[in-house]
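Novice: Just passing along the structure, written as structure tokens.
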Ligand code: PHB
């Protein structure tokens, strides 16, 4: 792949362009993209035009640029995430109908919890998760489950780095976090009161694939002082259901 004078490849530059889009920044001008991707303006305009021609980006009436439907189509085609989400949805709907609070499905992705799905109830309380959004591993219930069952090398890397104090009750002491993760590994459940926002308690359980590997976390977000037992029971049942649905898929 042709390298630029700065040594980065054409793929690096395209990835940098696509990565300037975030969950909160969905439309930009080509110049803004160039600045954020650290590319010369002419390169940015050329890349944006090429990506628009390929359908990976789209231009709106005001000449601003957004991610294209073609990118969505390609990303979902044959995707593990889509298969997992489809297997999980009926079980998530049942949890959500019974608990009447937000229900989420997250996977481990590049040192954070990436949310594949979120179902919300009209009467549900606060919730900062968003589909295709991320939360820190050490500061959310889903993240704690994913971190507890992550490869040891990743867990040690997270434990060795400074742990950001996202909310007042985020566990930021590495020794305390290590103990908490051991407990989550033992029970398969993480209860995280006020870990990411003071008003809520996140509860997450491990979702296993048919071979028994933890592949996701299923969670609900409850008001801070709500009882947690029923949510744990429903989540555990749903996680088992997802595992069976994935096994049935393989047949
Ligand atoms: C959590 O999983 O701990 C969590 C997630 C979103 C919230 C609150 C808690 O808004």
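Residue numbers (the numbering used here): 1 to 251. Every residue, glycine too, gets a C-beta built ideally from N, C-alpha and C. Since we're looking at a predicted model, the values are computed, not measured.
1) What's the C-alpha gap between residue 4 and residue 227?
2) Mind checking who residue 150 pairs with in its DSSP beta bridge?
3) Can you list, in chain order, the stretches of the alpha helix (DSSP H) that have 4 or more residues and sit fully within the region 98 to 163?
4) Out of 85, 14 and 84, point me to the one whose CA is closest to residue 56's CA.
5) Do residue 193 and residue 201 have their CB atoms nearer than 8 Å?
6) If you run the structure through DSSP and keep just helix, strand and coil, what is residue 202?
7) Does the count of Cβ pairs from the region 211 to 225 and the region 97 to 106 closer than 8 Å reach three?
8) Just to confirm, are residue 151 and residue 143 a CB contact at a threshold of 8 Å?
9) So what does residue 58 bridge to, in DSSP terms?
10) Take the Cβ of residue 69 as the centre, count every other Cβ of all protein chains shown within 10 Å, and call the residue buried at 16 or more, exposed below.
11) Can you name the start and end residues of the beta strand (DSSP E) that residue 190 belongs to?
12) Following the continuous alpha helix (DSSP H) through residue 48, name the residue where it begins and the one where it ends.
13) Under a Cβ-count criterion, where at least 16 other Cβ atoms within 10 Å of its own Cβ denotes burial, should residue 63 be classed as buried or exposed?
14) So, residue 113 versus residue 106, is the Cβ gap smaller than 8 Å?
15) Taking contact to mean at least 3 C-beta pairs separated by less than 8 Å, is the region 33 to 49 in contact with the region 66 to 85?
16) Is the beta carbon of residue 19 within less than 7 Å of some heavy atom of ligand 2?
17) Let me confirm a value: residue 241 is counted as buried when at least 16 other C-beta atoms fall within 10 Å, else exposed. Which label applies?
18) Kindly indicate which residue of 156, 189 and 167 has the alpha-carbon position closest to the one of residue 174.
19) CB residue 198 to CB residue 207, shorter than 8 Å?
20) Under a Cβ-count criterion, where at least 16 other Cβ atoms within 10 Å of its own Cβ denotes burial, should residue 86 be classed as buried or exposed?
21) Does ligand 1 have even one heavy atom less than 7 Å from the beta-carbon of residue 135?
22) Where does the unbroken beta strand (DSSP E) through residue 214 begin, and where does it stop?
23) Below 8 Å on the Cβ atoms is my contact criterion, and I expect residue 204 with residue 145 to pass it. Report the Cβ-Cβ distance as a whole number of Å.
24) Which residue marks the beginning of the alpha helix (DSSP H) containing residue 12, and which one marks its end?
25) Is residue 86 helix, strand or coil by DSSP?
26) Determine whether the beta carbon atoms of residue 177 and residue 154 lie at a separation below 8 Å.
27) Which of helix, strand or coil does DSSP assign to residue 38?
Specialist: In brief:
1) Here the question's residue 4 lines up with position 4 in the chain shown. Here the question's residue 227 lines up with position 227 in the chain shown. Approximately 58 Å, taken between the alpha carbons.
2) Along the chain shown, read from residue 1 onward, the residue named residue 150 stands at position 150. Under the DSSP definition of a beta bridge, residue 150 lacks any partner.
3) Secondary structure within the region 98 to 163: the alpha helix (DSSP H) runs of 4 or more consecutive residues, fully enclosed, are 141 to 148 and 152 to 160 (chain order).
4) Looking up residue 56 in the chain shown gives position 56. For the residues 85, 14 and 84, the minimum Cα distance to residue 56 belongs to 14.
5) In the chain shown, residue 193 corresponds to position 193, counting from 1. In the chain shown, residue 201 corresponds to position 201, counting from 1. In this structure, residue 201 lies closer than 8 Å to residue 193 by Cβ.
6) The sequence position of residue 202 within the chain shown is 202, counting from 1. It is a strand residue.
7) Here the region 211 to 225 lies against the region 97 to 106, with 3 or more beta-carbon pairs under 8 Å apart.
8) Counting from 1 along the chain shown, the entry for residue 151 is found at position 151. Counting from 1 along the chain shown, the entry for residue 143 is found at position 143. Not closer than 8 Å, so no.
9) Taking the chain shown and counting its residues from 1, one reaches residue 58 at position 58. Answer by DSSP bridge pairing, in chain order: 66.
10) The residue you call residue 69 lines up with position 69 of the chain shown. The residue is exposed, with fewer than 16 neighbouring Cβ atoms inside 10 Å.
11) As a position in the chain shown, residue 190 is number 190, starting the count at 1. Taken as a continuous stretch (DSSP letters only), the beta strand (DSSP E) holding residue 190 covers 189 to 193.
12) Residue numbering aside, residue 48 sits at position 48 when the chain shown is read from its first letter. Its alpha helix (DSSP H) spans residues 41 to 53.
13) For the purposes of this step, residue 63 is taken as residue 63 along the chain shown, with counting starting at 1. Exposed: under 16 other Cβ atoms inside 10 Å.
14) One-based indexing of the chain shown puts residue 113 at position 113. One-based indexing of the chain shown puts residue 106 at position 106. Here residue 113 is near residue 106, since their CB atoms are less than 8 Å apart.
15) Output reads no: the region 66 to 85 does not touch the region 33 to 49.
16) Ligand 2 is not part of this structure, which contains only ligand 1.
17) On the chain shown, residue 241 is found 241 positions in, with the first residue counted as 1. Within a 10 Å sphere around the beta-carbon of residue 241 sit 16 or more other beta-carbons, which makes this residue buried.
18) Working through the chain shown from its first residue, we reach residue 174 at position 174. Residue 174 has its Cα closest to that of 156, out of 156, 189 and 167.
19) On the chain shown, residue 198 is found 198 positions in, with the first residue counted as 1. On the chain shown, residue 207 is found 207 positions in, with the first residue counted as 1. Cβ distance not < 8 Å, so residue 198 and residue 207 don't count as in contact.
20) Taking the first residue of the chain shown as 1, we reach residue 86 at position 86. Classification for residue 86: exposed.
21) In the chain shown, residue 135 corresponds to position 135, counting from 1. For ligand 1, at least one heavy atom lies less than 7 Å from the Cβ of residue 135.
22) The sequence position of residue 214 within the chain shown is 214, counting from 1. 214 to 223 is the span of the beta strand (DSSP E), which, as asked, contains residue 214.
23) Counted from its first residue, the chain shown places residue 204 at position 204. Counted from its first residue, the chain shown places residue 145 at position 145. Indeed, because the Cβ distance is near 5 Å, the residues count as touching under 8 Å.
24) The residue you call residue 12 lines up with position 12 of the chain shown. Judged by DSSP secondary structure, residue 12 falls within the alpha helix (DSSP H) whose first and last residues are 10 to 19.
25) The sequence position of residue 86 within the chain shown is 86, counting from 1. Residue 86 sits in a helix when the DSSP states are folded into three classes.
26) For this step, residue 177 is matched to residue 177 along the chain shown. For this step, residue 154 is matched to residue 154 along the chain shown. Between residue 177 and residue 154, the CB-CB gap reaches or exceeds 8 Å.
27) Here the question's residue 38 lines up with position 38 in the chain shown. Looking at residue 38 - three-state DSSP - the assignment turns out to be coil, as it is neither helix nor strand.
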